[in-house]
Amino acid sequence: MVAQIGHFIDGKKVAGTSGRTGEVTNPATGEITAHVALASVAEIDTAVRIAKAAQTGWAATPPLRRQRVMFRLKELIEKRIDDIARALTLEHGKTFEDAKGEIGRGLEVVEFACGIAHHMRGDFTEQVASDMDSWSVRQPLGVVAGITPFNFPIMIPCWMGAMAVATGNAFILKPSEKDPSAPAILTELFAEAGMPAGIFQMVNGDKVAVDSLLAHPDVAAISFVGSTPIGRYVYHTGTAHDKRVQALCGAKNHMVIMPDADLDQTVDALMGAGYGAAGERCMAISVAVAVGDVGDRLIAKLAPRVASLKVGPGLDPTSEMGPLVTRQHRDKVMGYVDQGVKDGAKLVVDGRGLKLQGYENGNFMGGCLFDNVTTDMSIYKDEIFGPVLSVVRAKSFDQAIAMVNDHAYGNGTAIFTRDGDSARTFAANCKIGMVGINVPIPVPVAYHSFGGWKSSVFGDHGIYGMEGVRFYTKLKTITARWPTGIRGGAEFNFSGRN
Ligand code: NAD
Numbered sequence: 001m002v003a004q005i006g007h008f009i010d011g012k013k014v015a016g017t018s019g020r021t022g023e024v025t026n027p028a029t030g031e032i033t034a035h036v037a038l039a040s041v042a043e044i045d046t047a048v049r050i051a052k053a054a055q056t057g058w059a060a061t062p063p064l065r066r067q068r069v070m071f072r073l074k075e076l077i078e079k080r081i082d083d084i085a086r087a088l089t090l091e092h093g094k095t096f097e098d099a100k101g102e103i104g105r106g107l108e109v110v111e112f113a114c115g116i117a118h119h120m121r122g123d124f125t126e127q128v129a130s131d132m133d134s135w136s137v138r139q140p141l142g143v144v145a146g147i148t149p150f151n152f153p154i155m156i157p158c159w160m161g162a163m164a165v166a167t168g169n170a171f172i173l174k175p176s177e178k179d180p181s182a183p184a185i186l187t188e189l190f191a192e193a194g195m196p197a198g199i200f201q202m203v204n205g206d207k208v209a210v211d212s213l214l215a216h217p218d219v220a221a222i223s224f225v226g227s228t229p230i231g232r233y234v235y236h237t238g239t240a241h242d243k244r245v246q247a248l249c250g251a252k253n254h255m256v257i258m259p260d261a262d263l264d265q266t267v268d269a270l271m272g273a274g275y276g277a278a279g280e281r282c283m284a285i286s287v288a289v290a291v292g293d294v295g296d297r298l299i300a301k302l303a304p305r306v307a308s309l310k311v312g313p314g315l316d317p318t319s320e321m322g323p324l325v326t327r328q329h330r331d332k333v334m335g336y337v338d339q340g341v342k343d344g345a346k347l348v349v350d351g352r353g354l355k356l357q358g359y360e361n362g363n364f365m366g367g368c369l370f371d372n373v374t375t376d377m378s379i380y381k382d383e384i385f386g387p388v389l390s391v392v393r394a395k396s397f398d399q400a401i402a403m404v405n406d407h408a409y410g411n412g413t414a415i416f417t418r419d420g421d422s423a424r425t426f427a428a429n430c431k432i433g434m435v436g437i438n439v440p441i442p443v444p445v446a447y448h449s450f451g452g453w454k455s456s457v458f459g460d461h462g463i464y465g466m467e468g469v470r471f472y473t474k475l476k477t478i479t480a481r482w483p484t485g486i487r488g489g490a491e492f493n494f495s496g497r498n
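Each residue of the sequence shown is one higher than the one before, starting from 1 at the first, in the working numbering.
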């Protein structure tokens, strides 16, 4: 049966009224499993109006009470983790265990939000001048919206939503139209945890919904995670409408492999970071830079592992890698592989021909491994977002750092080495937001913050942790004196020295 997925507005599920819907498919079978409502401008306006009316009371709710809702949310997510992971796998395609891992990383941010009373406390200075005190507080922005990508349909709504509501805002989630079921469960759990109606709403949609959030005068801020072209558009359009915008975007993450690296550990790390979630992660490693003479040894160990990757439906516990999210996306990834071959890269493992009996209509492909990739090829320059790893040879450490720094993207990177000096030099000099030393996917924990550099980000705040608190609040500084009436008289000069 094909399900109908609507919105969650004013504390309840509602059907879409625009008359427009999108198709949701199971990537393992190609079947259409749901129709998701695509919101109209009027539906977005309704959600914003409700959010605005609810936000004042929520902002006035003591942070301690707001964080108690987060504690309940944490318990509910933990209780429902298997249901959420299953819904996620059925629409995204990633393996069930990986889906649970994603939910775990989202939960970390909910846990951080459980301490929001502490994180939002202000600063106080006694005696900034004679008998005068000053203090700073952070207050919520009002109504804020989150536009999220298909590849982490739970983790990223948690990154934004938990931080936004814990800091006292009303939040409107516009998830990816490709896999809306898991975020729909999450939204219901926010309500079940005790969130007042209108504080956490979900409106499904496409460009119409996004554009209307970007232009709405009562939306104060937009958090976006997705591809670079759309992120650039969202950033420029949102800021042109005087909004605060953070847009976290695409990536091409390099792993630099030094000749002294432990190759067994490196190959294990590359398998997970390159092919986990079929490469559909913004922190996936898609380029391995082999320094000096390590290239041949690396390929010799890596190629058989890629060739024997167990590809299958995400709900099959033996699968190491699931299908790609849509047929269109799989074809685009295959197109990049074709182009890499045409451009002269050596395709050491070719996953294009993979067929799975019983899943002929699924969006499967096997892992692909290229060697001798050069920096002018499209497989090196573009984000492919699939199970395709490119090995590039670098003569020296300096050349490897230059490649990392010259690339347009700057989300994550990693170095594998046994040498502390190389690692330290790399971490200090790479122009990248998140750096791993013998750690392939250095996604920061919730009490640090996540964010890239260069074309991987627009705007200047990381997305959770204290950066998230700062993004979702504005600073107010109060300076006070309580004169007794004995000391008086007008002061005409700006007081320079206290
Ligand atoms: P996408 O840019 O296609 O979509 C992201 C969101 O934008 C979705 O909600 C979508 O509905 C909306 N959107 C799509 N086209 C639009 C348009 N023309 N106008 C307005 N809104 C539009 O991204 P995706 O394919 O869902 O996700 C994959 C991308 O996200 C990759 O580039 C990946 O690197 C990136 N990503 C980045 C991070 C990060 O933190 N840097 C994390 C996860 C994913």
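The beta carbon of each residue, even a glycine, is placed where N, CA and C say it ideally should be. Since we're looking at a predicted model, the values are computed, not measured.
Sequence-distant partners of A3 (beyond 5 residues in either direction) whose C-beta falls short of 7 Å from its own C-beta, in its chain, are T33 and A34.
Sorting G22, M132 and A47 by C-alpha distance to the C-alpha of R481 places M132 at the top. At a Cβ-Cβ threshold of 9 Å, T125 and T473 do not count as neighbours. In terms of side-chain proximity, the C-beta atom of S227 is found nearer than 8 Å to a non-hydrogen atom of the ligand NAD.
Ranking T326, A87 and G276 by CA distance to the CA of E23 puts T326 first. Look at V234: its beta carbon is less than 8 Å from one of the heavy atoms in the ligand NAD.
The residue among F152, V144, I437 and A414 with its C-alpha nearest the C-alpha of V289 is A414.
A straight-line Cα-Cα distance of about 23 Å links H236 and V469. Taking a contact as a CB-CB distance under 8 Å, the pair K243 and H407 does not count as one, their CB atoms being some 29 Å apart. When the five nearest sequence neighbours on each side are left out, the beta carbons in the same chain lying within less than 6 Å of the beta carbon of E467 are those of S449 and H461, in order along the chain. The continuous alpha helix (DSSP H) containing W58 extends over residues V41 to A60. Listed in chain order, the non-local C-beta contacts of I50 below 6 Å within the same chain comprise D10 and G198, local neighbours out to five positions each way being set aside. In the DSSP annotation of this structure, M160 is not part of any beta strand (DSSP E); the continuous alpha helix (DSSP H) holding it starts and ends at M155 to A166. In the displayed model, D371 falls within a strand according to three-state DSSP. Listed in chain order, the beta strand (DSSP E) runs fully inside the segment 378 to 404 are 388 to 394, counting runs of at least 3 residues. In this chain, the alpha helix (DSSP H) harbouring H329 covers R327 to K342. Its Cα nearest to that of C158, the residue E108 stands out among G420, M120, E108 and K178. Taking a C-beta distance under 9 Å as the contact criterion, P440 and A269 qualify as a contact pair. The beta carbons of I156 and V234 sit no closer together than 9 Å. Residue pairing by DSSP leaves R305 without any beta bridge partner. From the listed residues P153, S286 and M163, the smallest Cα separation to Y447 is found for M163. With contacts defined as CB atoms closer than 9 Å, R418 and D260 qualify as a contacting pair.
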